[in-house]
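What follows is a set of notes on a single structure, which appears directly below.
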Amino acid sequence: MSASRENGSVGKVQQRRSNRLLWLAVVLLGAGIVAYMIATHDLRQINGKLNRIARLVSKRTGEGPLTGLTRAREIMTCFSSNVVVDLGSPWQKVAEREELTAVIHHTRSSAESIDVTVRDRNTSVQRTNHTAVTVTTVEAAVGYRGSVDRDVRIFRIFWVKDRAGWVIERVEAADSIRPPPGLRAWES
Amino acid sequence: MSLHLHFSPPDHQASLFQRILVGRDLRITLRRGLLVAIAAWLFFRFVCLPVRVRGSSMEPTFQNGEMHAACLLQHLWRNPQRGDVVVISMSGTRAFYLKRILALPGERIAFSNGVLLIDGRNFEEAYIEEHGTWTMPEMTVPDGEYFVAGDNRAIPIERHTLGTVNKSMIMGGVVF
Chain A
119 MSASRENGSV GKVQQRRSNR LLWLAVVLLG AGIVAYMIAT HDLRQINGKL
169 NRIARLVSKR TGEGPLTGLT RAREIMTCFS SNVVVDLGSP WQKVAEREEL
219 TAVIHHTRSS AESIDVTVRD RNTSVQRTNH TAVTVTTVEA AVGYRGSVDR
269 DVRIFRIFWV KDRAGWVIER VEAADSIRPP PGLRAWES
Chain B
8 MSLHLHFSPP DHQASLFQRI LVGRDLRITL RRGLLVAIAA WLFFRFVCLP
58 VRVRGSSMEP TFQNGEMHAA CLLQHLWRNP QRGDVVVISM SGTRAFYLKR
108 ILALPGERIA FSNGVLLIDG RNFEEAYIEE HGTWTMPEMT VPDGEYFVAG
158 DNRAIPIERH TLGTVNKSMI MGGVVF
């Protein structure tokens, strides 16, 4: 009788221990998930913004002018006011957000379709000064007068975090195929 | 409770379908499948890269939508040569350019009304269908770099991706 009581109490102790271990595992797992979410919060925000820009710049055939304007305005929120965009030849350097918006709107309205795909990205975040750099490969297919022009380029994107979140401060073309000097920029 | 899966019936009981599907012994078949998968991954990752052509910059040599294969080991034992069609890495093996090497390190290159000039002399390009009107001032290709361009000279030079590329970005050459 006493042996079975002892066995029962030992069993309860073991069950409590295993319950505690289970709780500990759950708490640790939860803490791990929270830590991961906090650690990758900036990264996810930057990736989300990059995807959003690709989506907003892309254009389907038959898009109305109002949609184009709305999208250009939306794209503006992803850039800082003094953004510098230097995509290399054949594109001209753009040094202000309003100018960039106008260029994007003009490009989108003159093209029949635009398909932007972000192929690869590698972001490093500097938490101390709220800056980040993304090196990304972007593929674009632009439909124009019945033909489709394709281009793949590597860009270096410099981000800065302000009150509204991460915004792009500078975009420049990274080394890939360097165009020869003296070629005139193509104007659409 | 244990679950026993028996996939190796005696020969006379095994149906033809089952023998084709899993072989005589499932474990051996799985092992072989795994080996084949690893070998295929290694082959396509380090030896042969399937390339789908997108765009018209290499026409008429390569048409939009065609499938080709590039040898990633080609430049291990020899430097890229003029006329080689090479794969230029843009993002690992996911995005790349397909271009032809026109000038080697240290050479002077120019275009004059569609004619390619290497070190001041005309260079005949047999792979070109329409010579176009490309004109480009002479430049010297820096050491360790190659001058690349597409075969489609009907595209205006300003709209064509051409220029110098570092040797490290050349992944391999197109073999067929």
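Residue numbers (the numbering used here), protein chains in the order written: chain A, 119 to 306; chain B, 8 to 183.
Ideal Cβ positions, reconstructed from N, Cα and C, are used throughout, including at glycine.
Judged by DSSP in its simplified three-state form, B/Val182 adopts coil rather than helix or strand. Legend: CB atoms of the stretch 264 to 288 of chain A lying less than 9 Å from CB atoms of chain B belong to residues Ser265, Val266, Asp267, Arg268, Asp269, Val270, Arg271 and Ile272.
Chain-order list of chain B residues neighbouring A/Glu257: Ala102, by C-beta distance under 7 Å. Listed along chain A are Ile295, each with a C-beta nearer than 7 Å to that of B/Ile95. One thing to note: A/Arg226 has its Cβ within 7 Å of the Cβ of A/Gly186.
Between B/Arg59 and B/Met74 a beta carbon distance of about 6 Å is seen, short of the 8 Å cut, so the two are scored as contacting. The beta carbon of B/Val172 falls within 7 Å of a beta carbon belonging to chain A, placing the residue at that interface. Counting C-beta atoms within 10 angstroms of its own C-beta, A/Ile156 has fewer than 16 neighbours from the protein chains shown and is therefore classed as exposed. Restricting attention to A/Gly180, A/Thr235, A/Ile275 and A/Ala229, the CA atom closest to the CA of A/Val253 is found in A/Ile275.
About 5 Å separates the Cβ atoms of B/Asp158 and B/Met65, confirming a contact at the 8 Å cut-off. Against B/Gly121, chain A offers no close residue; the least beta-carbon distance is about 15 Å (beta-carbon pairs closer than 9 Å).
A/Arg237 places its beta carbon less than 7 Å from that of A/Glu257.
In the structure shown, A/Glu216 falls within a helical segment according to DSSP collapsed to helix, strand and coil.
Bounds of the beta strand (DSSP E) holding A/Gln244 are Ser231 to Gln244.
Just so you know, the alpha carbons of A/Arg170 and A/Gly264 end up roughly 27 Å apart. The continuous beta strand (DSSP E) containing B/Leu124 extends over residues Val122 to Ile125. Taking all protein chains shown into account, B/Leu79 has 16 or more neighbouring C-beta atoms within 10 Å of its C-beta and is therefore buried. Relative to B/Arg128, the option among B/Thr36, B/Glu145 and B/Tyr134 whose CA is nearest is B/Glu145. According to the DSSP assignment, A/Ile286 belongs to no alpha helix (DSSP H) but to the beta strand (DSSP E) extending over Gly283 to Ala291.
Fully enclosed beta strand (DSSP E) runs of no fewer than 3 residues occupy 102 to 110, 115 to 119, 122 to 125, 128 to 130, 143 to 147, 152 to 156 and 170 to 173 of the stretch 100 to 178 of chain B, in order along the chain. Of the other Cβ atoms in all chains shown, fewer than 16 fall within 10 Å of the Cβ of B/Ala44; this residue is therefore exposed. Around the CB of A/Ser294, 16 or more other CB atoms lie within 10 Å, so the residue is classed as buried. Residue pairing of B/Leu56 in beta bridges, as defined by DSSP: B/Ala77.
Per DSSP, the unbroken beta strand (DSSP E) holding A/Thr254 starts and ends at Thr249 to Tyr262. Counting only runs of 3+ residues, no beta strand (DSSP E) is found wholly inside the stretch 168 to 194 of chain A.
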